[in-house]
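In terms of my numbering, the sequence shown opens at residue 898 and continues consecutively.
Built from N, CA and C at the ideal position, the CB exists for glycine as well.
The structure presented is a predicted model; accordingly, all values stated were derived computationally and were not measured.
Here the structure comes first, spelled out in structure tokens, and everything after it is commentary.
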Amino acid sequence: MTSAIPDILIAGGLLVNGSGITKMDVAVLGEKIVEVAPHPSDIKAKRVIDAAGLYVLPGLIDAHNHPINLDKMDSFTLSAAFGGITTVIPFMQNMRSRGIEGTTSETIDRFIEESSEISYLDFGVHAILFGDDDVEVEVPKLIDNGVISFKMYMTYPRRGMMMPDDRMLRAMSLAADAGGIAMVHAENGYCIDFLTDNFIDDGLTSREYYAKSQPRILEVEAANRAATYASVTNCPLYVVHLSAREVLDVLNRYREEGKDVFTETCPQYLDLTNQTLMEHGALAKIGPPLREREDNAAMWEGLQNNVIDTIASDFCGFSKAHKYSGGRSSAAVEAVDEIDESGSIFEASFGGNWTEQMLPVVYEEGVNQGRITMMRLVQVMCENPAKIFGLYPQKGSISVGSDADIVLFDPAMKHVLSAEAQHCKADFTMFEGKEILGKAVYSMQRGRTLIENGEMKSEQGGALYLPGDVNVTASAPKGYKVE
Ligand SMILES: [Zn+2]
């Protein structure tokens, strides 16, 4: 045991982990947590942070985001940090559709290099695999480089994004061989295109036809198919952004059989409905679509019952102009000076900007409303993503030897969510005006202060790339409960 005096002592806060809440002192030396002891302890430190009346949480992990549009890793991670997040796992893909040459692994190598310079937060990376990627080469190469999770789209065939089923099976098999994990966006793209074409042919392109063009059954079908393929290939599977109420029973059947099927939902599927899209049109267009109150309720129930393992944001970083312009280039978007709200809903871009609002919304609607406990919040937003993606216990845990990634949360602080208050570049939020009781007021990463007194105190350039450890993922408990 080293006798060095800790740099920081977080004293007298309520330490939350997945199994309980206790009043503890947490000592940090350098980048690590070196002692956790009941309060009051006799630990002396160079600086004492009084955490009385605050929750002490492991830094949150946002394991689903796309910082490749208006917000890159600089403004995205800044925004995430203000939302109590200390680790992000963005998706990265080959950018050939944007005219940038290179394979997936080459693009990811560049992304890691650039992000190390501009990110405020430590980061892992998930790869997205498209039908034109050479999975035989890419999957083993990426896993060697610590990119152990591979997302495939089962939808968007006409956007060139859908992974054909035979290629998906092959990629899953390769990932399984090397200890990786497959991720899917589960919606049946051919059915969506069929229904969309019918509406367009009939001239029905206003917002009320959007949800009807991508009904819940298409998510249920695709999720079941992906879980079938994962069973056949013996590949762990993580199904992103669940939204349809019927999908939980379907996936839970595989979990109860002991299959490695992990599940995620997002704040928008917990709190917003198609009514938001009816009010805001293109700005609320996401895939899968916002659904009904019954679906929100089912997602909360899934979180309560351990059928859903994680909450992540699916941040895309679009401005209003991007949303209305249907994913055209940034130059084309900047040329848009008039936003035409009467345009076809089918032409608008998919995606939202919710990383900074994620913890406030989940805390307000989950904990304050009695739908989930604070311990469950820490399980699904800190511990489980770290375990599933091979980062535990370096991340996702306040215990001796873990990185000192710590968030102080004041349950008595009131605030209102707004586009003006957020720190990404996006100029809107679908949670505008939402009143929240409870806020992340301080955070640190590896012992360095990130957020204090409402300001970012850290510089870009100190972020670490976090290779996923396949052994950690492999030991993530199998089946329906991530212990
Ligand atoms: Zn996404």
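Cβ atoms of residue j and residue i: under 9 Å apart, would you say?
i       : j       : result
ILE1348 : TYR1260 : no
TYR1017 : LEU975  : yes
ASP1302 : LYS1336 : no
GLY1028 : MET1059 : yes
PRO1186 : TYR1107 : yes
GLY1214 : PHE988  : no
MET1049 : ALA1075 : no
PRO1282 : ALA960  : yes
LEU1200 : VAL1144 : no
LEU1026 : GLN990  : yes
PHE1212 : GLY1248 : yes
VAL913  : LEU1274 : yes
Can you grab the Cα-Cα spacing for the pair residue i / residue j, in whole Å?
i       : j       : result
GLY1240 : TYR1221 : 8 Å
ILE1009 : GLY1293 : 21 Å
LYS1438 : GLU1356 : The chain is shown only over 898 to 1380; residue 1438 falls outside these bounds and no answer can be derived.
ASP1300 : ASP1098 : 56 Å
THR1001 : ILE1295 : 34 Å
GLU1253 : ILE1208 : 13 Å
GLU1317 : GLU1176 : 20 Å
GLN1266 : ASN1193 : 13 Å
ARG1007 : LEU1139 : 31 Å
MET1353 : GLY1043 : 29 Å
THR1162 : VAL1137 : 7 Å
GLY915  : MET1272 : 5 Å
GLY1077 : SER1046 : 6 Å
GLY910  : GLN1319 : 27 Å
LEU1066 : ALA1024 : 16 Å
LEU1148 : ILE946  : 44 Å
GLU1244 : LYS1182 : 10 Å
GLY927  : GLY1298 : 11 Å
LEU906  : PRO1290 : 20 Å
VAL1204 : ASP1146 : 8 Å
GLN1172 : GLU1153 : 34 Å
THR983  : ALA1124 : 31 Å
GLY1344 : GLU1262 : 31 Å
ALA1360 : ILE1015 : 8 Å
MET1255 : ARG1190 : 18 Å
ALA1127 : PRO1133 : 6 Å
PRO1061 : LYS929  : 44 Å
Evaluate residue i with the Cβ neighbour count: other Cβ atoms within 10 Å of its Cβ, from every protein chain shown; 16 or more gives buried, anything less gives exposed.
i       : result
ILE997  : exposed
VAL1313 : exposed
SER1372 : exposed
TYR1377 : The predicted model places TYR1377 with a pLDDT of 45, which falls under 50 and marks its position as unreliable, so this point remains unresolved.
ASP1206 : buried
VAL1034 : exposed
TYR1087 : exposed
SER1340 : buried
ARG1142 : buried
SER994  : exposed
ALA1218 : buried
SER900  : exposed
LYS1311 : exposed
PRO935  : exposed
GLY950  : exposed
LYS1284 : buried
ASN966  : buried
Output the boundary residues of the beta strand (DSSP E) element that contains residue i.
i       : result
MET921  : 917-926
TYR952  : 952-955
TYR1362 : Here TYR1362 belongs to no beta strand (DSSP E), and DSSP marks it neither H nor E.
TYR1050 : 1046-1050
LYS1311 : 1303-1313
ARG1345 : 1345-1349
VAL1277 : That residue, VAL1277, is in no beta strand (DSSP E); it is neither H nor E in DSSP.
VAL1147 : Counting along the chain, VAL1147 falls outside any beta strand (DSSP E), though it belongs to the alpha helix (DSSP H) covering 1144-1153.
Starting from residue i, trace the alpha helix (DSSP H) in both directions and tell me its first and last residue.
i       : result
LEU1039 : 1032-1041
ILE1089 : 1086-1098
GLY1293 : Looking at the DSSP string, GLY1293 is not in any alpha helix (DSSP H), and its letter there is neither H nor E.
PHE1008 : 1001-1015
LYS1220 : 1217-1221
PHE973  : 970-979
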